[in-house]
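As numbered in our numbering, residues 261 to 410 make up the sequence shown, in order.
Beta carbons: idealized from backbone N, C-alpha and C, even for Gly.
Because the structure is a prediction, the values reported are computed rather than measured.
Take a look at the structure set out below.
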Amino acid sequence: MTDFNPDSLADIGPKEFAQLVKATPDAKLAEVMAGDSRAKILDEVFNRMPALFRPEKAGNTTAVIHWIITGGAGGASDTYETVIENGACTVTSQPVREPKLAMTMDPVTFLKVVSGDGNPMMMFMTGKIKAKGDLGLAANVAKLFDIPKA
């Protein structure tokens with residue numbers, strides 16, 4: 261599969277998704293993420309997080325992370341909440357808890373982070389990811405998930 265088609269995301273695994281993100285030009289990713297498929301793509305990515313969570317790496321970590329994805333319709337942002345506690349990970353698109361960490365990024369940067377196609381630390385250093393709160397958690401959040409590599 262070489263075309264970034266949001267309708268087929270549910271049918272592909274994390275590794276195929278990572279390969280698709282890597283093979284798709286940034287301009288095309290931005291175009292798709294600015295369109296009607298944005299919510300479907302974000303929901304698909306976040307719904308996979310609990311399955312990719314690595315409780316053995318989390319230990320006794322307790323954290324609420326807000327992922328703020330900019331670039332929505334009319335300049336809107338989408339915020340998802342990841343809660344890590346008691347060796348489990350849950351995700352919601354309706355944040356209700358105070359975050360220990362809030363990370364803001366554009367949709368292309370987000371897709372690169374969750375597909376293993378970008379270095380989150382470098383993206384933070386260059387301002388592509390803005391983190392507020394526990395920066396130690398920010399530095400280690402990627403280790404808590406089995407992020408596929410393209």
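_Could you compute how far the alpha carbon of residue 313 sits from the alpha carbon of residue 367?_
21 Å
_Which of the three DSSP states is assigned to residue 351 in this structure?_
strand
*Decide if residue 382 is buried, meaning its Cβ has at least 16 other Cβ atoms within 10 Å, or exposed.*
exposed
_Measuring only the C-alpha atoms, how far is residue 358 from residue 275?_
Going from the Cα of residue 358 to the Cα of residue 275 covers about 32 Å.
*Range covered by the alpha helix (DSSP H) that runs through residue 361*: Per DSSP, residue 361 belongs to no alpha helix (DSSP H); it is in the beta strand (DSSP E), 361-365.
*Beta-carbon proximity list for residue 370, same chain, < 6 Å, skipping 5 on both sides*: 329
*asked:* Suppose only complete runs of 3+ residues qualify. What are the beta strand (DSSP E) ranges in the segment 284-314, listed by chain order?
replied: none
_Check whether the segment 341-359 and the segment 377-391 touch, using three or more Cβ-Cβ pairs below 8 Å as the test._
no
*Determine which residues share a DSSP beta bridge with residue 323 and list them.*
Paired residues: 344.
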